[in-house]
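Engineer: Quick note, the sequences are listed as chains A and B, same order. Last residue of the first sequence? That's 219 in the UniProt record's numbering, and every number before it is there in order. Last residue of the second sequence? That's 219 in the UniProt record's numbering, and every number before it is there in order.
There are 2 protein chains.
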Amino acid sequence: MDIEQTKIPQATAKRLPLYYRFLNNLHTQGKLRVSSKELSDAVKVDSATIRRDFSYFGALGKKGYGYNVEYLLSFFRKTLDQDETTRVALIGVGNLGTAFLNYNFTKNNNTKIEIAFDANEERIGSEVGGVGVEHIDDLEEKLGDISVAILTVPSSAAQGIADRLVKAGISGILNFTPARISVPSNVRVHHIDLAIELQALVYFLKHYPLNEDDVEEDQ
Amino acid sequence: MDIEQTKIPQATAKRLPLYYRFLNNLHTQGKLRVSSKELSDAVKVDSATIRRDFSYFGALGKKGYGYNVEYLLSFFRKTLDQDETTRVALIGVGNLGTAFLNYNFTKNNNTKIEIAFDANEERIGSEVGGVGVEHIDDLEEKLGDISVAILTVPSSAAQGIADRLVKAGISGILNFTPARISVPSNVRVHHIDLAIELQALVYFLKHYPLNEDDVEEDQ
DNA sequence: CGGAAGTCGTTAAAGATTTCACATACTTCA
DNA sequence: TGAAGTATGTGAAATCTTTAACGACTTCCG
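(1) Out of A/138, A/145, A/169, A/178, which one is the CA nearest neighbour of residue 157 of chain A?
(2) Just to confirm, are residue 67 of chain A and residue 43 of chain A a CB contact at a threshold of 8 Å?
(3) Would residue 172 of chain B pass as an interface residue toward chain A - the criterion being a Cβ-Cβ separation below 8 Å?
(4) If you run the structure through DSSP and keep just helix, strand and coil, what is residue 117 of chain A?
(5) How is residue 202 of chain B classed by DSSP in three states: helix, strand or coil?
(6) Could you confirm whether any beta carbon from chain A is found closer than 8 Å to the beta carbon of residue 24 of chain B?
(7) Within the same chain, show all residues whose beta-carbon is closer than 8 Å to that of residue 133 of chain B, passing over the 5 residues directly before and after it, in chain order.
(8) Against chain B, does residue 214 of chain A count as a neighbour if the rule is that its beta carbon must be under 8 Å from one of theirs?
(9) State the start and end residues of the unbroken beta strand (DSSP E) segment that holds residue 80 of chain B.
(10) Quick one: Cα of residue 64 of chain B to Cα of residue 14 of chain B, how far?
(11) Using only the alpha-carbon positions, how far apart do residue 87 of chain B and residue 196 of chain B sit?
(12) From this set, A/49, A/188, A/202, which residue's C-alpha is nearest residue 171 of chain B's C-alpha?
(13) On the DSSP bridge list, what partners appear for residue 127 of chain B?
(14) What would DSSP say about residue 85 of chain A, mapped onto helix, strand or coil?
(15) Taking C-beta to C-beta, are residue 98 of chain A and residue 198 of chain B nearer than 8 Å?
(16) Taking 8 Å as the CB-CB cut-off, is residue 4 of chain B touching chain A?
(17) Between which two residues does the beta strand (DSSP E) holding residue 104 of chain A run?
(18) Is the beta carbon of residue 176 of chain A less than 8 Å from the beta carbon of residue 192 of chain A?
(19) Closest Cβ-Cβ distance between residue 81 of chain B and chain A: below 8 Å?
(20) Would the beta-carbon of residue 205 of chain A fall within 8 Å of that of residue 148 of chain B?
(21) Taking only beta carbons into account, state which residues of the segment 30 to 58 of chain B come closer than 7 Å to chain A, listed in chain order.
(22) Does residue 225 of chain B get closer than 8 Å to chain A when you measure Cβ to Cβ?
(23) Relative to the C-alpha of residue 113 of chain A, which candidate in A/131, A/107, A/190 has its C-alpha closest?
(24) Is DSSP giving residue 25 of chain A helix, strand or coil here?
(25) With a threshold of 8 Å between beta carbons, is residue 117 of chain A in contact with chain B?
(26) Please identify the residue among B/69, B/9, B/135 whose C-alpha is closest to the C-alpha of residue 52 of chain B.
(27) Return the residue from the list B/187, B/188, B/107, B/155 that minimises the CA-CA distance to residue 194 of chain B.
(28) Within 10 angstroms of its Cβ, does residue 55 of chain B collect 16 or more other Cβ (buried), or is it exposed?
(29) When you compare only the Cα positions, how much space is there between residue 16 of chain A and residue 32 of chain B?
(30) Counting C-beta neighbours from all protein chains within 10 Å, is the total for residue 106 of chain B 16 or more, i.e. buried, or is it exposed?
(31) Are any of the Cβ atoms in chain B nearer than 8 Å to that of residue 159 of chain A?
(32) Roughly how many whole angstroms lie between the Cα atoms of residue 58 of chain B and residue 73 of chain A?
(33) Would you call the CB atoms of residue 150 of chain A and residue 100 of chain A closer than 8 Å?
(34) Assuming contact is defined by CB atoms lying nearer than 8 Å, are residue 91 of chain A and residue 153 of chain A in contact in what I supplied?
(35) Please report whether the beta-carbon of residue 168 of chain A lies at a distance below 8 Å from any beta-carbon of chain B.
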């Protein structure tokens, strides 16, 4: 069951969902085969990097042919655990939280926001994007065995909520607040800091001018 | 004027806004000095990495003392061009776009969303977060010399809008759509793909279990 | 069938980033 | 003033990531 997949580079792991989504597109379009070069054009990742990434999982392609879309897709489906849905909670139903609730993650994705929490009485009991909004006071009681949370609360509330989430047994937090929250070392936090992303883009524009010959790249 | 800052590692450059924001906090709190260790605890970046990052700009600290908050802050203010505000356009006033418009970027930040565009007639002419919403048809006419755009449109519209932005002279795009857009090599695109971030977090949770001894890390 | 063209998987090199570890120099305090 | 303590800045090592290059095998087509 547990195939030797533990040493896949993190950089590779982060690209897997991207590959998966694009393969899904190809499959929907009825394409039967794809080369690393074609994939490269579509996802903007160097073709050698793609081949290297795939090679960590073994020989998935065929020389002179490329990759069989169906096969590759089903392989990634297994690898990314697409068959079992990961249940997610969202804390903070502001604009950003609402954006998430309306985003159809379940399509092309193994995740589903099952429950949302907010402190604003007006929102409690309503449904946003098909997800019921509960009062933040009921967090511990209603979280159940959900192990992943999206944090879209005001940054002043971030650490407090994070502490409660940890106590309630969460294992991963996707933190959209500017606060860098502290958690025990067995809880994983990914920070996505919108203001910083924007500021970094501006900095790169000023200090890392692109030439006509450079290739636009990611992140 | 143009100090030798061109070879600062990209990884370092991406952390600068984070440092800057935290220094701002410290300054507001009236703190006079700070050590790389303290900074490390706050921003969750290894203290050696912080010292290394700072060292690319020269000797900013004092041995046995640490860094003078005021000095460091004013240094970063210059380095990050905080004195001149970068004007930004936002395309797509949905939930996510609205979240941005209500986000006060200008505080702690050198960027300001000056204008927004949308295709939905109902939104045109209104103000969201103090920013006027224009019709997407008027993009070229009203963009002016704005050089950075935040793209929060449906992914099916992403490439088309990107093409128009490029023609209108944009230099940088912060792309929140799942579409990997193609642009000329002199335009910089940073992708932030929310579904993929969530999926990657789930993947890491399953395949990269954290021990009690590991330290939670970023991105 | 045979040769040309195509594409993978991989070795090796290059490049980027992080981390260690410590000499050095400053601060503090008696 | 001097000793003890502190924290920087950096050389060197370790680690991680990307990219180039090419042998090997497939497919394609005449």
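All C-beta atoms in this analysis are idealised placements derived from N, C-alpha and C, irrespective of residue type, glycine included.
Structural biologist: To lay it out plainly:
(1) A/178
(2) no
(3) yes
(4) strand
(5) helix
(6) no
(7) 93, 116, 117, 118, 123, 124, 125, 126, 127
(8) With a pLDDT of 42 at residue 214 of chain A, under the threshold of 50, the predicted position of this residue should be treated as unreliable, and no value is reported.
(9) Per DSSP, residue 80 of chain B belongs to no beta strand (DSSP E) and is neither H nor E.
(10) 28 Å
(11) 28 Å
(12) A/202
(13) Checking the DSSP bridge columns, you'll see residue 127 of chain B partnered with B/132.
(14) DSSP places residue 85 of chain A in coil when its eight states are reduced to three.
(15) No.
(16) Legend: pLDDT at residue 4 of chain B = 45, less than 50; position of this residue unreliable, no value from coordinates given.
(17) Counting along the chain, residue 104 of chain A falls outside any beta strand (DSSP E), and DSSP gives it neither H nor E.
(18) yes
(19) Interface criterion met: the Cβ of residue 81 of chain B is under 8 Å from a Cβ in chain A.
(20) yes
(21) 42, 43, 44
(22) For residue 225 of chain B there is no data in the structure shown, the boundaries of chain B being 1 and 219.
(23) A/131
(24) helix
(25) Not one chain B Cβ lies under 8 Å of residue 117 of chain A.
(26) B/9
(27) B/155
(28) exposed
(29) 45 Å
(30) exposed
(31) Taking Cβ atoms only, chain B never reaches closer than 8 Å to residue 159 of chain A, which makes this a no.
(32) 49 Å
(33) yes
(34) In terms of Cβ geometry, residue 91 of chain A and residue 153 of chain A form a close pair [threshold 8 Å].
(35) no
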